[in-house]
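Student:
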Amino acid sequence: MFVFKAAVVGAGTMGGEIAQAIAVADIDVVLKDIDQKFVDHGLDKAREVTKGQLDKLVSKEKLTQEQADARLEEVMGRIEGTTDYSSFGDVDFVIEAAPERMEIKQSVFAELDAVTPGHAVISSNTSSLSITEMGEATLRPEKVVGFHFFYPASIMPLLEIVRGDDTSDETVATAFNFAQAIKKQPIVCEEVPGFVVNRILNSSVAEVWREQSEKGLSIKKIDEGIAGANAAPMGPFILTDFLGLDTVLHVAEHLRESYGDRFFVHPGMQKLVDEGKLGVKTGGEGSYKDGEPNLEGDADPNVEELVEMFSLKALVEACLLLEEGVCSVREIDVGMMAGAGLDPRRGLLPPFWKADVEGLDTVLEKVENLAEKHPDRFTVPVILRRLVAQGRLGLSTGQGFYAYPQPDDGDQTETIKLETRDGGVAIAWLANLPMNSISPQVIVDLRTVWEKLKADDSIHAMVVASSIPLVYSAGADIKAFTKMDEAGGKELIEDGHALLREFGTEGIATIAAVNSLAFGGGCELAMACDLRIAAESAVFGQPEVKLGIIPGFGGTQRLPRLVGPQKALEMNLIGDAITAGEAYEVGLVNHIAP
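According to my numbering, the sequence shown is numbered sequentially starting from 1099.
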């Protein structure tokens, strides 16, 4: 379902920023609250954020001031502020952003159920409460879903889509595509307290809180040490000030109630909240005041020990989420990248990827040592023991939580790494960092590898896989193609088409092993193969129409043959992504691997 009009209920700082994120994506949105002063606050916040974004574009000379002023009014013109439900009769998607109390949320959901059309999805921005319980207040629990933004919503890319017990696949798909439409990075998870990122973050930060509280450590030295060791983009105490101590305390207490004392809550945080010292949102005073610690403790921390506990506890909690079936490996890591700032481009790796790089045998030994010292706080994950027992130790062995290339000796191309295995199987690893875009060089290198395999009578199958754990291919490198002259571009594109045709007609079986996002040219590359095997977390799409172009490497031809003309037309004209499950149902994927 396409979202033409959305609504946000709750016009606080978060609600105003959510409405702004929707409006800036050129989607009309209603912003409602119970009092006009709250509505005005939300509108002011939306204007402030939009103006800040446009001012940056003006300073970079990407817009004139006149254009920025016009765009500001255009965006704000898409937000309708209101104190009643009179404009909710034609909304397609509603986001509740009321205070984190179940009775309030259920009351709002009951009202929304009565005033919105039957097809509308009703979602909640809750950070930890039960989606299933909210759905019980409606007559459409199958259309109720979690839609959790991270603060600040105008900047943070992550959006957790939380499936309640009754949430339908169609509702999840609508939420996923709406998240992408407003330029957010969605992950889908099952309903558990804290969902994914907050649960992992609070679990790891709780170890630091506990050590600081019990040993009287300097919070400033802790923050500097953790950030300096590249364990996180910022230390836990300064992060708490940024997020708001009241918000963090609420989530921490909820997690302690849900999971027990392994989720430690810092007593000093409760004291600061009681005094109204909430961090940035109250003028800056919280864990710090004027840059100096506001919590007792000046002892020097053992930074190495703290960093190890912090990082390993994140991995342990991530493994527990995986074992509970809450989320996939890829989506957990994507969540930590987009929601916790663990960006590989800055040398910060999310939990599973980091463990693979370090070596799972090494990591297992460290976790076992911590579990022996702190049995009430650290549990050795079953999945970690199993991988090590199987010899899947991560990057060094080519397989851990993710698969990695083990290229053949000798010459290799720049963007495709060739690995041959027993049984006549070769793997062509896409290795065009950072997003495996299909560039002119990729086409040249694929041709080189393909010709080499055709000349080898021992090769019977070629698997096209990604060497990058969190992406298959984000699509064509349009900028690189535009730099080519007409003759060179025409020749390369024709050879690219010929190459993809050969993938489906030669004597070597071709298999696309799609681990993650396959958009545009990446999806077309997969479609050119004889078979497509997808991870559960894979996503497929032909989003070219959103850039004002059409698929150029067979998307208009192969897609109808695989999924039928009607579904192919929808995918090519709308540009929305589909999950691996839907891809399997419509025939785009032959098999889904867990």
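We put the beta carbon where it would ideally sit given N, CA and C, even for glycine.
#1: Which class does C1287 belong to by DSSP, given the choice of helix, strand or coil?
#2: I believe V1122 touches T1148 by the beta-carbon criterion, under 8 Å. Please report the beta-carbon distance rounded to the nearest angstrom.
#3: Contact defined as beta carbons within less than 8 Å: I believe V1243 pairs with C1287. What is the distance between those atoms, to the nearest angstrom?
#4: Is the beta carbon of V1256 sitting closer than 9 Å to the one on G1433?
#5: Any contact between the segment 1576-1588 and the segment 1597-1606? By contact I mean 3 or more CB pairs, one from each, below 8 Å.
#6: Got a sec, what are the start and stop residues for the beta strand (DSSP E) F1191 sits in?
#7: Taking only the alpha-carbon atoms, compute the straight-line gap between E1194 and D1674 and give it to the nearest angstrom.
#8: Using the C-alpha atoms, what's the distance from S1226 back to E1289?
#9: So what's M1332 in DSSP terms, helix, strand or just coil?
#10: For the pair the segment 1309-1323 and the segment 1403-1422, tell me if three or more CB-CB distances fall below 8 Å.
#11: According to DSSP, what are the bridge partners of W1527?
#12: When you compare only the Cα positions, how much space is there between V1306 and D1396?
#13: D1575 to I1525, Cα distance in whole Å?
#14: Do you know offhand how far E1517's Cα is from Q1504's?
#15: Is it buried or exposed, F1100, if we count other Cβ atoms within 10 angstroms and call 16 or more buried?
#16: What span of residues does the alpha helix (DSSP H) with F1408 cover, start to end?
#17: According to DSSP, what are the bridge partners of T1677?
#18: What first and last residue would you give for the beta strand (DSSP E) that runs through F1617?
#19: Hey, could you find the ends of the beta strand (DSSP E) K1375 is sitting in?
#20: Check whether the segment 1273-1280 and the segment 1462-1477 touch, using three or more Cβ-Cβ pairs below 8 Å as the test.
#21: Take E1634 as the anchor and find which of G1108, Y1682, L1660 has the nearest alpha-carbon.
#22: If you run the structure through DSSP and keep just helix, strand and coil, what is E1309?
#23: Pick out whichever of K1375, Q1664, R1656 has its Cα sitting closest to the Cα of T1338.
#24: Given a cut-off of 9 Å, decide if E1421 and V1480 are closer than it, judged by their beta-carbon atoms.
#25: Just verifying my parser: in three-state terms, what is the DSSP assignment at S1426?
#26: By Cβ distance below 6 Å, which residues in the same chain neighbour A1610 in space, the five residues on each side in sequence not counted?
#27: Applying the 10 Å Cβ sphere with the 16-neighbour rule, what's the burial state of E1394?
#28: Assuming L1482 is part of the alpha helix (DSSP H), what are its boundary residues?
#29: If we ignore side chains and look at the alpha-carbon of each, how far apart do H1352 and R1199 end up?
#30: Under the assumption that A1105 contacts K1130 (Cβ atoms under 8 Å), give the Cβ distance between them as a whole number of angstroms.
#31: Between the beta-carbon of G1496 and the beta-carbon of G1457, is there less than 9 Å?
#32: Could you tell me which whole alpha helix (DSSP H) segments of length 4 or greater appear in the segment 1334-1397?
#33: Which residues does DSSP list as the beta-bridge partners of F1245?
#34: Taking the C-alpha atoms as reference points, what is the distance between F1191 and G1113?
#35: Go through its chain and collect everything with a Cβ distance to L1531's Cβ below 8 Å, but skip five positions before and after it.
#36: Please state the DSSP three-state secondary structure of G1179.
Tutor: A quick look at the data gives this:
#1: As a working note, residue 1287 is residue 189 in the sequence shown. Note: C1287 maps to strand in three-state DSSP.
#2: Along the sequence shown, one-based indexing puts residue 1122 at 24. Along the sequence shown, one-based indexing puts residue 1148 at 50. Rounded, the Cβ-Cβ distance is 6 Å, consistent with contact.
#3: Mapped onto the sequence shown, residue 1243 falls at position 145. Mapped onto the sequence shown, residue 1287 falls at position 189. Their Cβ separation, rounded to whole angstroms, is 11 Å, which puts V1243 and C1287 out of contact at 8 Å.
#4: Taking the sequence shown and counting its residues from 1, one reaches residue 1256 at position 158. Taking the sequence shown and counting its residues from 1, one reaches residue 1433 at position 335. Checking the sequence, you will find Leu at residue 1256 rather than Val. Between L1256 and G1433, the gap from beta carbon to beta carbon is short of 9 Å.
#5: Taking 8 Å as the limit for Cβ pairs, the verdict is that the segment 1597-1606 does not touch the segment 1576-1588.
#6: Translated into the one-based positions of the sequence shown, residue 1191 becomes position 93. Here the beta strand (DSSP E) through F1191 covers 1191-1194.
#7: Sequence index remark: in the sequence shown, residue 1194 carries index 96 (1-based). Sequence index remark: in the sequence shown, residue 1674 carries index 576 (1-based). Going by the C-alpha atoms only, they are around 24 Å apart.
#8: Taking the first residue of the sequence shown as position 1, residue 1289 is located at position 191. Taking the first residue of the sequence shown as position 1, residue 1226 is located at position 128. Each residue's Cα considered, the two are about 9 Å apart.
#9: Residue 1332 sits at position 234 when you count from the first residue of the sequence shown. Coil, per DSSP.
#10: Output reads yes: the segment 1403-1422 touches the segment 1309-1323.
#11: Here residue 1527 corresponds to residue number 429 of the sequence shown, with the count starting at 1. Looking at the DSSP assignment, W1527 forms a beta bridge with K1515, A1563.
#12: Your numbering for residue 1306 matches position 208 in the sequence shown. Your numbering for residue 1396 matches position 298 in the sequence shown. Inter-residue distance for V1306 and D1396 is about 15 Å (C-alpha atoms, whole angstroms).
#13: Translated into the one-based positions of the sequence shown, residue 1575 becomes position 477. Translated into the one-based positions of the sequence shown, residue 1525 becomes position 427. Computed Cα separation, rounded: 22 Å.
#14: Start at 1 with the first residue of the sequence shown, and residue 1517 comes out as number 419. Start at 1 with the first residue of the sequence shown, and residue 1504 comes out as number 406. Spanning the alpha carbons of E1517 and Q1504 requires a straight line of approximately 6 Å.
#15: By one-based count along the sequence shown, residue 1100 stands at place 2. Per the 10 Å Cβ criterion, exposed.
#16: The residue labelled residue 1408 in the question sits at position 310 within the sequence shown. F1408 -> alpha helix (DSSP H) spans 1401-1421.
#17: Taking the sequence shown and counting its residues from 1, the one referred to as residue 1677 is at position 579. Answer is V1637.
#18: To locate residue 1617, count along the sequence shown from 1; it is residue 519. For F1617, the uninterrupted beta strand (DSSP E) segment begins and ends at 1615-1617.
#19: The sequence position of residue 1375 within the sequence shown is 277, counting from 1. From DSSP, K1375 is part of no beta strand (DSSP E); its letter is neither H nor E.
#20: Verdict: no, contact absent.
#21: The residue given as residue 1634 occupies position 536 in the sequence shown. The residue with the shortest Cα to Cα distance from E1634 is Y1682.
#22: Stepping through the sequence shown from its first residue, residue 1309 is reached at position 211. In the structure shown, E1309 sits in a helix (DSSP, three-state: H, G or I).
#23: For the purposes of this step, residue 1338 is identified with residue 240 of the sequence shown, where counting begins at 1. The shortest C-alpha to C-alpha distance from T1338 to any of K1375, Q1664, R1656 is the one to K1375.
#24: As a first step, residue 1480 must be located in the sequence shown, where it is residue number 382. As a first step, residue 1421 must be located in the sequence shown, where it is residue number 323. Yes; because the gap between Cβ atoms is below 9 Å, this pair is in contact.
#25: Counted from its first residue, the sequence shown places residue 1426 at position 328. Looking at S1426 - three-state DSSP - the assignment turns out to be coil, as it is neither helix nor strand.
#26: The residue given as residue 1610 occupies position 512 in the sequence shown. In its chain, beyond the 5 residues on either side, V1562, A1624, C1627, R1630 have a beta carbon closer than 6 Å to the beta carbon of A1610.
#27: Translated into positions along the sequence shown, residue 1394 becomes position 296. When all chains shown are included, E1394 counts as exposed.
#28: For the purposes of this step, residue 1482 is taken as residue 384 along the sequence shown, with counting starting at 1. Counting along the chain, the alpha helix (DSSP H) containing L1482 begins and ends at 1480-1487.
#29: Residue 1352 sits at position 254 when you count from the first residue of the sequence shown. Residue 1199 sits at position 101 when you count from the first residue of the sequence shown. Taking the straight line joining both Cα atoms gives about 11 Å.
#30: Here residue 1105 is taken as the residue at index 7 of the sequence shown, counted from 1. Here residue 1130 is taken as the residue at index 32 of the sequence shown, counted from 1. Under the criterion of beta carbons closer than 8 Å, A1105 and K1130 qualify as touching, at roughly 7 Å.
#31: To locate residue 1496, count along the sequence shown from 1; it is residue 398. To locate residue 1457, count along the sequence shown from 1; it is residue 359. For the pair G1496 and G1457, the CB atoms are not nearer than the 9 Å cut-off.
#32: Here the runs fully enclosed are 1334-1341, 1343-1357, 1365-1372.
#33: If you number the sequence shown from 1, residue 1245 lands on position 147. Looking at the DSSP output, F1245 bridges to I1259.
#34: Numbered from 1 along the sequence shown, position 93 holds the residue referred to as residue 1191. Numbered from 1 along the sequence shown, position 15 holds the residue referred to as residue 1113. Pairing F1191 with G1113, the inter-Cα distance amounts to about 14 Å.
#35: Sequence index remark: in the sequence shown, residue 1531 carries index 433 (1-based). Once the five neighbours on either side are set aside, the close Cβ partners of L1531 are I1566.
#36: Numbered from 1 along the sequence shown, position 81 holds the residue referred to as residue 1179. In the structure shown, G1179 sits in a strand (DSSP, three-state: E or B).
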